[in-house]
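Residue numbers (this note's numbering), protein chains in the order written: chain S, 18 to 591; chain F, 18 to 591. The next block holds one structure in the form of structure tokens; read it before the comments.
2 protein chains.
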Amino acid sequence: MTGLFPLWARHYPRQHLGADLLAGLVVTVLVLPQSLAYAMLAGLPPQAGLYVSILPVLAYALVGSSMTQAVGPVAITAIMTFSVLSPLAAPGSPHYIAMAAVLALLSGLLVLGFGLLRLGFLSNLLSRPVVSGFISGSALLILVSQATLLLGVQVHVAGTWGQLRATLEQLPHANLTTLLLGGVGMGVLWLSRSVLARMLVHWGVVHSRAEMAARLAPLLVVVVSTLVVVALDLDLHYGVAVVGPVKSGLPDLALSLPGFSELGLLAIPALVLAFIGTVQNITMAQALAMKRRERVDANQELVGLGLSNIAAAFFGGMPVGGGLSRSAVNVASGAQTPLASVVSAVGMLCIVLLGTAWFARIPLAILAASIVVAAIGMIDVAELRRAWAYDRADAFAFVGTALGVLVLGLQLGIALGVGLSLATLLYRASTPHIAVVGRIVGTEHFRNVERHGVETLPGVLFLRIDESLFFGNLRAVESRLLAEIARLPDAHDVVLIMSAVNSVDLTALEALTEIQQDLRARGIALHLAEVKGPVQDRMLQTDLWKSLAGHVHLSGNAAFECLLVTGRKEPLPL
Amino acid sequence: MTGLFPLWARHYPRQHLGADLLAGLVVTVLVLPQSLAYAMLAGLPPQAGLYVSILPVLAYALVGSSMTQAVGPVAITAIMTFSVLSPLAAPGSPHYIAMAAVLALLSGLLVLGFGLLRLGFLSNLLSRPVVSGFISGSALLILVSQATLLLGVQVHVAGTWGQLRATLEQLPHANLTTLLLGGVGMGVLWLSRSVLARMLVHWGVVHSRAEMAARLAPLLVVVVSTLVVVALDLDLHYGVAVVGPVKSGLPDLALSLPGFSELGLLAIPALVLAFIGTVQNITMAQALAMKRRERVDANQELVGLGLSNIAAAFFGGMPVGGGLSRSAVNVASGAQTPLASVVSAVGMLCIVLLGTAWFARIPLAILAASIVVAAIGMIDVAELRRAWAYDRADAFAFVGTALGVLVLGLQLGIALGVGLSLATLLYRASTPHIAVVGRIVGTEHFRNVERHGVETLPGVLFLRIDESLFFGNLRAVESRLLAEIARLPDAHDVVLIMSAVNSVDLTALEALTEIQQDLRARGIALHLAEVKGPVQDRMLQTDLWKSLAGHVHLSGNAAFECLLVTGRKEPLPL
Numbered sequence: 018m019t020g021l022f023p024l025w026a027r028h029y030p031r032q033h034l035g036a037d038l039l040a041g042l043v044v045t046v047l048v049l050p051q052s053l054a055y056a057m058l059a060g061l062p063p064q065a066g067l068y069v070s071i072l073p074v075l076a077y078a079l080v081g082s083s084m085t086q087a088v089g090p091v092a093i094t095a096i097m098t099f100s101v102l103s104p105l106a107a108p109g110s111p112h113y114i115a116m117a118a119v120l121a122l123l124s125g126l127l128v129l130g131f132g133l134l135r136l137g138f139l140s141n142l143l144s145r146p147v148v149s150g151f152i153s154g155s156a157l158l159i160l161v162s163q164a165t166l167l168l169g170v171q172v173h174v175a176g177t178w179g180q181l182r183a184t185l186e187q188l189p190h191a192n193l194t195t196l197l198l199g200g201v202g203m204g205v206l207w208l209s210r211s212v213l214a215r216m217l218v219h220w221g222v223v224h225s226r227a228e229m230a231a232r233l234a235p236l237l238v239v240v241v242s243t244l245v246v247v248a249l250d251l252d253l254h255y256g257v258a259v260v261g262p263v264k265s266g267l268p269d270l271a272l273s274l275p276g277f278s279e280l281g282l283l284a285i286p287a288l289v290l291a292f293i294g295t296v297q298n299i300t301m302a303q304a305l306a307m308k309r310r311e312r313v314d315a316n317q318e319l320v321g322l323g324l325s326n327i328a329a330a331f332f333g334g335m336p337v338g339g340g341l342s343r344s345a346v347n348v349a350s351g352a353q354t355p356l357a358s359v360v361s362a363v364g365m366l367c368i369v370l371l372g373t374a375w376f377a378r379i380p381l382a383i384l385a386a387s388i389v390v391a392a393i394g395m396i397d398v399a400e401l402r403r404a405w406a407y408d409r410a411d412a413f414a415f416v417g418t419a420l421g422v423l424v425l426g427l428q429l430g431i432a433l434g435v436g437l438s439l440a441t442l443l444y445r446a447s448t449p450h451i452a453v454v455g456r457i458v459g460t461e462h463f464r465n466v467e468r469h470g471v472e473t474l475p476g477v478l479f480l481r482i483d484e485s486l487f488f489g490n491l492r493a494v495e496s497r498l499l500a501e502i503a504r505l506p507d508a509h510d511v512v513l514i515m516s517a518v519n520s521v522d523l524t525a526l527e528a529l530t531e532i533q534q535d536l537r538a539r540g541i542a543l544h545l546a547e548v549k550g551p552v553q554d555r556m557l558q559t560d561l562w563k564s565l566a567g568h569v570h571l572s573g574n575a576a577f578e579c580l581l582v583t584g585r586k587e588p589l590p591l
Numbered sequence: 018m019t020g021l022f023p024l025w026a027r028h029y030p031r032q033h034l035g036a037d038l039l040a041g042l043v044v045t046v047l048v049l050p051q052s053l054a055y056a057m058l059a060g061l062p063p064q065a066g067l068y069v070s071i072l073p074v075l076a077y078a079l080v081g082s083s084m085t086q087a088v089g090p091v092a093i094t095a096i097m098t099f100s101v102l103s104p105l106a107a108p109g110s111p112h113y114i115a116m117a118a119v120l121a122l123l124s125g126l127l128v129l130g131f132g133l134l135r136l137g138f139l140s141n142l143l144s145r146p147v148v149s150g151f152i153s154g155s156a157l158l159i160l161v162s163q164a165t166l167l168l169g170v171q172v173h174v175a176g177t178w179g180q181l182r183a184t185l186e187q188l189p190h191a192n193l194t195t196l197l198l199g200g201v202g203m204g205v206l207w208l209s210r211s212v213l214a215r216m217l218v219h220w221g222v223v224h225s226r227a228e229m230a231a232r233l234a235p236l237l238v239v240v241v242s243t244l245v246v247v248a249l250d251l252d253l254h255y256g257v258a259v260v261g262p263v264k265s266g267l268p269d270l271a272l273s274l275p276g277f278s279e280l281g282l283l284a285i286p287a288l289v290l291a292f293i294g295t296v297q298n299i300t301m302a303q304a305l306a307m308k309r310r311e312r313v314d315a316n317q318e319l320v321g322l323g324l325s326n327i328a329a330a331f332f333g334g335m336p337v338g339g340g341l342s343r344s345a346v347n348v349a350s351g352a353q354t355p356l357a358s359v360v361s362a363v364g365m366l367c368i369v370l371l372g373t374a375w376f377a378r379i380p381l382a383i384l385a386a387s388i389v390v391a392a393i394g395m396i397d398v399a400e401l402r403r404a405w406a407y408d409r410a411d412a413f414a415f416v417g418t419a420l421g422v423l424v425l426g427l428q429l430g431i432a433l434g435v436g437l438s439l440a441t442l443l444y445r446a447s448t449p450h451i452a453v454v455g456r457i458v459g460t461e462h463f464r465n466v467e468r469h470g471v472e473t474l475p476g477v478l479f480l481r482i483d484e485s486l487f488f489g490n491l492r493a494v495e496s497r498l499l500a501e502i503a504r505l506p507d508a509h510d511v512v513l514i515m516s517a518v519n520s521v522d523l524t525a526l527e528a529l530t531e532i533q534q535d536l537r538a539r540g541i542a543l544h545l546a547e548v549k550g551p552v553q554d555r556m557l558q559t560d561l562w563k564s565l566a567g568h569v570h571l572s573g574n575a576a577f578e579c580l581l582v583t584g585r586k587e588p589l590p591l
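Rendered as structure tokens:
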């Protein structure tokens, strides 16, 4: 019987009960505005954001492995849903809503599959600059999508660039009341994010409480602005757009099963969504776990996220993900275990059943303001600056991915990002560091002949390769080796010091074999030194090992001593 | 004035003149049958193969950097041309011929661009098993394409699988005379390839002459079979298909410039052709140069190959490449410099002007037989076996690429190959070898605690990472580190020995920075030891370096001594 409960529930530490209950209730209230906002960002009715804060949150709490990560409607999955579906159907239309549910189902099944097949390592396909570049590019897309709401204008153009141009053309027709409301909202939210907590601490408030107060600000902004709208009837007399009636009660569990043509349209987007969800979820779960000295199981995480999205398909119909701000609210509210998420799901259920009438007159500009402030926070200039200072290749990968997202769209953008990640890796590995070394007199140490005064043996070349050998760098190694031999006209022995060679792939092995045959034909013996255990194990049965004209030495020094004593002064007899 | 001549011509070694003249003439005659055969494999009129053995060969001889590589019509570019163009137009039709010329032009411009932009390193994108898998898969496609000619049947179906099925259905209608002719031809060619040279050597013939005789066999087979056709009028009375009239004289230099829609259709195929041409040419040029102790300049090679294809577009209209068998014939005939290729181009020009009437009654089945034997030789079972024995991942990459070529076609096949190359690389690098190490008593050496009796310090963890740190493996490093710390409950110092870490990318640097902050918060100091010069240079300005709770030690032993003397027995004060 207890086997049905997740591990954390079976051994639930009683002392956390109070903290978890309180955190759960706080989270319920605090994530309300963003749940509505992200649903609308996704092009869905606002209640969808509330629905997917119930069953999907429960599913993840019961199955996921992270103690404090919170899933739910998040900015990245929302903008991806919008950018995938808006070319296919009018946002908010029944067809659009049905396709969003299918998208959640497909990506949920894929993520679940990744988890069950233990493909969590797929998230290693992306470097951090690429992930940051992708998120930064997406944030710019979000800004474009929210501009109409802040201006109080309507634009019916698909595509980021068309939308941007149409929005700019509408600029003279902006609703000034809406603009004022949104502008003040953004200002307050921005201040609360950036300086409120610091000011409160400065005024003597305890750090954790100051942080909590800062997180409360968005809710307060929504409440106050809604009260202003109601008091002055801004929606009725000044054309300020509001959320409008939010459906009360539970959603119908119906899911229109996708036809083949729909599957074809949504398969790739679902894959991209699943991939991004995977990367984001695992990255964040590990970061959160590390702070609490816990471990997460990447594959278990994916099972949780997958089931959560499958639940979302039936109950709300909007893809969900692991949310940075949701999780931060959860941690800041004092959550200790997923029980907090269970409580917040129950709390959201109560709100959906009882209280949605309160949301009708929330001004859209304020929700847009909260999205914009969150999106600006997602633009990771600091990472770009660090990348530029540390490694230009990483900076180019960041910029390339961000531009890819803006120019080519989210899907090709992320494909470009994977390509850039791998290209950086390949480029770095294909320009290996190789040094001609000699022995420091009186020691057993070998160092670069150009940097140190070292002793060498006439006609013997000691070469240290500082990289694993694989198809991408063996040509560089080969040409360097041949160039160094050409500079040593009476060469008769070459020693490759392999202390930093962690693996040798088949392409490199065969190239080495050919190099050794070629050198032997020229009367030069190839020796290997300091071959690592795992590399040596693999090589034992190969032609290279069997046909080596030279020897395998335990160390560079052993090779030196051996060649000093037994060394030929002449090339090998042919 | 002399600047107009290539380097090899300006300092031409007189003693090679005789060898080069002879080799050039021998090559002209020997490559005749394959030039006709590959043109027809490409779906072009036979004379196209002769034309592109003139001007393109000259262009490469004057610009390329390899001394003995010979370019011309080759099997891989021929089958690629056929598989790209046959769905777009009827092979041999004027539109088809025009598009083949455009394909040569586009891929020539691309290769030239690769060379001028110094992108020769692009050829490092493919591992050898993937290249072998690609060539093996292409060889199987060639076999399918030649089956109709060997059977003497006609099939009008596009696509490999459809063609294969249609050919099998035609099996009962095979022309037995053709089958017999082709079968005997294949048998003789196969024997001459596999055992003739060995038998001749066994009978006392000098090795180089035996090899030459074996290479002469294909020409003899063509001559003899043509004589048989003429003597018995096999083409007139027994329905044996022959080459038919081969246009004499020079081609018209007209090239129909491609329209935009054609450019769109041919851009990707041209890119694939350029990429494969690049890989093949550089690989072969380097292999040939190595045997002769020469160097090739990869980018100069590409300039040569690019110009050669541009010349081919105007003069013959068929993409060309560096050919394994062409180059082997060249070397075996004793060629010493590209002068041999110049001579062979002039020789081919004479044949085109004077002697094409002789080719009309060559039986197609014999040309098909020579292609089939060459294609069977391209299926690299030995490489697959080596890969299977040495590294399963490489074997899977081979099989995956070959299957990709067969099932998805040449273009998606090679894309899959690049993907598999990179995936193997990433997979290998993402499972780094990490060892907990200790000091061997009485020495300065550190070894794996599991394999050696070593001394350690209580509460101190020595961890050696045997791989460069990058986005793909830092999670593995992180979880191993945390797991080892968890096994050492009173840990207060962690020393990372970085002797095999050749680079640290930004993603890994930031992860290390976070790990260090997290460890410090737990009262554990992180130390680094044996950080390589280039890695250290980059790290100096980073937060990690500045905020390190521990120290940077020159060696593992220095860290040991330092912690032994000054070491805390307690965690850091928080």
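Backbone N, C-alpha and C fix where the C-beta goes; we use that ideal spot for every residue, glycine too. Keep in mind it's a predicted model, so treat the numbers as computed, not measured.
Same chain only: Cβ atoms within 8 Å of residue i, ignoring 5 sequence neighbours per side
i: S/Leu-233; result: Leu-47
i: F/Asp-505; result: Here the sequence assigns Leu to residue 505 of chain F, which means Asp is not the residue at that position. Gly-476 and Leu-478, listed in sequence order.
i: F/Ala-284; result: Leu-123
Residue i: contacting residues in chain S (beta-carbon distance under 7 Å)
i: F/Ala-517; result: Ala-517 and Asn-519
i: F/Ala-450; result: Contrary to the premise, residue 450 of chain F reads as His rather than Ala in this sequence. Chain S residues near F/His-450: Asn-519 and Pro-551.
i: F/Asp-554; result: Residues of chain S passing the Cβ test: none, with the nearest at roughly 11 Å.
Beta-carbon proximity list for residue i, same chain, < 6 Å, skipping 5 on both sides
i: S/Thr-85; result: Leu-305, Asn-347, Val-348 and Ala-352
i: S/Gly-66; result: Ser-52, Leu-53, Tyr-55, Ala-56 and Pro-90
i: S/Pro-23; result: Leu-79
i: S/Leu-513; result: Leu-480 and Leu-545
i: S/Arg-468; result: none
Beta carbon of residue i nearer than 9 Å to that of residue j
i: S/Lys-264; j: S/Pro-62; result: yes
i: F/Gln-180; j: F/Val-369; result: no
i: S/Leu-332; j: S/Tyr-68; result: Note on residue identity: the sequence assigns Phe, not Leu, to residue 332 of chain S. Yes, the pair counts as a contact, with Cβ atoms nearer than the cut-off.
Identity of the residues DSSP links to residue i by a beta bridge
i: F/Glu-472; result: F/Arg-456
i: F/Gly-338; result: F/Gly-89
i: S/Arg-2; result: One cannot answer for residue 2 of chain S here, as it falls past the ends of chain S, which runs 18 to 591.
Chain S contact residues for residue i, given Cβ-Cβ distances below 8 Å
i: F/Asp-483; result: Asn-519 and Lys-549
i: F/Asp-510; result: None at all; the shortest Cβ gap to chain S is about 17 Å.
Neighbour list for residue i in chain F, Cβ cutoff strictly below 8 Å
i: S/Ser-643; result: Because residue 643 of chain S is not part of the residues shown, which for chain S are 18 to 591, the question remains open.
Partner residues on chain S for residue i, Cβ-Cβ distance less than 9 Å
i: F/Asn-141; result: Leu-443, Ser-447, Phe-488, Gly-489, Asn-490, Leu-491, Arg-492 and Ala-493
Close beta carbons around residue i, own chain, < 7 Å, minus the five adjacent residues each side
i: S/Leu-217; result: Ala-227 and Ala-230
For the stretch 132-144 of chain F and the stretch 469-488 of chain S, state whether three or more C-beta atom pairs, one from each stretch, are separated by less than 8 Å. Touching, per the Cβ criterion.
Indicate whether the contact test is met: 3 or more Cβ pairs, each with one atom in the stretch 100-107 of chain S and one in the stretch 373-386 of chain S, closer than 8 Å. Taking 8 Å as the limit for Cβ pairs, the verdict is that the stretch 373-386 of chain S does not touch the stretch 100-107 of chain S.
The stretch 385-395 of chain S in contact with the stretch 110-130 of chain S per 3-pair CB rule at 8 Å: Result no; under three Cβ-Cβ pairs closer than 8 Å.
Would you check if the stretch 544-553 of chain F and the stretch 568-577 of chain F touch, i.e. whether three or more CB-CB distances between them fall below 8 Å? Short answer: they touch.
Any contact between the stretch 436-454 of chain F and the stretch 171-178 of chain F? By contact I mean 3 or more CB pairs, one from each, below 8 Å. Note that the stretch 436-454 of chain F does not touch the stretch 171-178 of chain F; fewer than 3 beta-carbon pairs, one per stretch, sit closer than 8 Å.
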